[in-house]
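Undergrad:
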Amino acid sequence: MENNHKLPRNVWAMGLVSLFNDIASEMIYPIIPIFLKVVLGAPASVIGLIEGVAESTASLLKLVSGWISDHLKKRKIFVTIGYSLSGVSKLLLGFAHVWPFVLFARFIDRFGKGTRVAARDALILESVPPEKRGRAFGLHRSLDSLGAVVGTILSLALIAVFQDNYSTIFFLAFIPSVIGVLVLIIFVREKKKPIVTVVNEAAAPKKLNLKFKWKELDKNLKFFLIVSLIFAIGNSSDAFLILRAQDLGLTITLTVAAYVLYNISYSIFSYPIGVLSDKIGPKRILAASFWMFALIYLGLGLTQNNFWIWVLFPFYGLYMALNDGISRAYIGRTIDPSKSGAAFGAYQMITGLCVLGASVIAGALWSYINPQAPFFFGAGTALVAALLFSFKKDAVGKPNGEKIGQI
């Protein structure tokens with residue numbers, strides 16, 4: 011008998027690709043804001059600008075690459091280019107001696123992410139039946155976050171060995187990036203598209219309209235995109251969490267160790283929450299993620315004791331597990347699969363563009379008011395999103411065809 015819980019090779023392979031990519035990324039991500047602040051002397055406002063510009067510029071590409079991958083019916087080429095560019099960015103960081111060069115390297119990294127994300131999500135979506143989407147995205151995020159755990163642990167070890175020689179760590183991060191791209195090239199297969207034989211002109215299928223129009227979107231997806239926009243404007247770069255830990259007195263080593271706890275929590279909870287999403291539907295889980303984010307950011311704003319970093323960072327990992335893969339599963343239930351790349355791209359673009367505003371606002375609040383202000387602002391926008399999403403009736407069905415009503 012076929013194992014109904016078995017996921018296809020593409021899902022596992024993409025998970026492994028993300029695992030190696032995140033090992034590389036998380037080897038360096040928690041030390042980039044420290045490198046900028048301590049070594050290059052960049053203020054919080056510049057760090058916010060770097061993260062915001064990189065993310066938002068890349069986000070414009072997410073929608074475009076999603077559209078193009080839908081039109082060409084090709085996913086793998088965009089995913090391959092994207093992961094390759096992210097690998098190159100690790101080498102570029104190793105040569106950085108001024109903050110504008112870090113901005114350039116971060117842009118290349120996020121350009122790569124913008125190229126791959128929508129096509130990658132569409133590839134996973136096309137590889138599994140609807141009732142396994144939450145599980146598939148949950149597995150992908152779980153392996154992704156496992157790579158983040160390994161990467162941050164390696165970062166801790168490398169800091170102990172190389173001290174403040176950050177360039178060497180950046181160069182070493184290139185190695186797992188290459189492994190990930192090789193796994194992608196060798197093991198991921200493009201889904202075969204059916205061949206249509208046209209007998210006569212009358213029998214020919216009409217040309218597929220891939221134009222992505224707001225008015226044609228499912229009403230639940232439109233509402234979710236609006237809520238996501240409100241939420242994202244206060245959801246600044248995670249670099250500010252790292253800066254906050256340092257601001258509360260943690261050493262570089264302890265700050266990275268706290269970030270390891272965040273990634274461990276994310277990794278542990280991603281897959282079981284994906285399974286739960288398949289059973290009860292994603293809406294309740296997404297609503298819970300907004301509420302949790304509001305409480306975490308409120309705590310980061312209120313606390314004056316670095317003990318709470320060890321509590322709040324793991325809960326932030328739980329929030330990520332509740333939100334990231336589940337949001338993709340939710341979107342997957344509201345769209346025509348032929349336009350999945352564009353739909354995922356629209357979501358990534360809307361939320362990603364807000365990172366520019368969110369990170370610039372956070373940097374300004376940090377620099378010109380106090381380090382607590384960005385977190386109070388983020389808690390406020392998350393609270394608005396939580397209230398809107400929690401009490402809106404929803405018609406996105408569970409896997410068994412039931413409807414999900416109010417929470």
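Going by the numbering used here, the letters in the sequence shown line up with residues 11 to 417, in that order. All residues carry an ideal CB built from backbone N, CA and C; glycine is no exception.
1. Less than 7 Å between the beta carbons of Y269 and P40, yes or no?
2. Considering just the uninterrupted stretch of the alpha helix (DSSP H) at E36, what are its terminal residues?
3. Does DSSP put S280 in a helix, in a strand, or in coil?
4. In whole angstroms, what separates the C-alpha of P282 from that of N273?
5. Here's a check: name, in chain order, each residue in its chain whose Cβ is nearer than 6 Å to the Cβ of F385, leaving out the five neighbours to either side.
6. Just the C-alpha distance for V370 and T391, rounded to the nearest angstrom, thanks.
7. On the CB-based measure, 16 or more other CB atoms within 10 Å of its CB, does G259 come out buried or exposed?
8. How about I336 and I278: do their beta carbons lie closer than 7 Å?
9. Suppose you measure from the CA of L398 to the CA of F300; what does that come to, to the nearest Å?
10. DSSP three-state call for F401: helix, strand or coil?
11. Need the endpoints of the alpha helix (DSSP H) that L182 sits in, please.
12. In three-state terms, what does DSSP make of G122?
13. Does the beta-carbon of P186 have 16 or more other beta-carbons within 10 angstroms, so that it is buried, or is it exposed?
14. Where does G291 sit, in a helix, a strand or coil, going by DSSP?
15. Nearest by alpha-carbon distance to F387: which of T261, W77, M330, G244 is it?
16. So, are the CB atoms of A54 and K123 less than 7 Å apart?
17. Go through its chain and collect everything with a Cβ distance to L26's Cβ below 6 Å, but skip five positions before and after it.
18. Can you grab the Cα-Cα spacing for the pair A368 / F241, in whole Å?
19. What residue range does the alpha helix (DSSP H) around R145 cover?
20. Can you name the start and end residues of the alpha helix (DSSP H) that Q382 belongs to?
21. Between I33 and the rest of its own chain, which residues show a CB-CB distance below 6 Å, the 5 nearest in sequence each way excluded?
22. Measuring CA to CA, which of S275, R143, K402 is closest to V21?
23. Thinking C-beta only, is T265 closer than 7 Å to A249?
24. Taking 8 Å as the cut-off, does the segment 76-93 touch the segment 102-110 (at least 3 CB pairs, one atom from each stretch)?
25. Just to confirm, is the Cβ distance from L133 to G342 under 7 Å?
26. Identify whether R199 lies in helix, strand or coil by the three-state DSSP scheme.
27. Which residue's Cα is closest to the Cα of M302: A353, G327, W318, G291?
28. Going by C-alpha distance, which of I379, N315, F181, D334 is nearest K293?
TA: Let me lay it out:
1. In contact: Y269 and P40 (Cβ atoms closer than 7 Å).
2. 19-38
3. helix
4. Separation of P282 and N273 (C-alpha to C-alpha, rounded to the nearest whole angstrom) is 15 Å.
5. Y307, L310, G311
6. 15 Å
7. exposed
8. no
9. 10 Å
10. coil
11. 176-182
12. helix
13. With 16 or more neighbouring CB atoms inside 10 Å of its own CB, P186 falls in the buried class.
14. coil
15. In terms of CA proximity to F387, G244 leads the group T261, W77, M330, G244.
16. Going by C-beta atoms, A54 is not nearer than 7 Å to K123.
17. V193
18. 10 Å
19. 143-172
20. That residue, Q382, is in no alpha helix (DSSP H); it is neither H nor E in DSSP.
21. G157, V160, G161, P186
22. R143
23. no
24. no
25. By the CB criterion at 7 Å, L133 and G342 fall outside the cutoff.
26. coil
27. G327
28. D334
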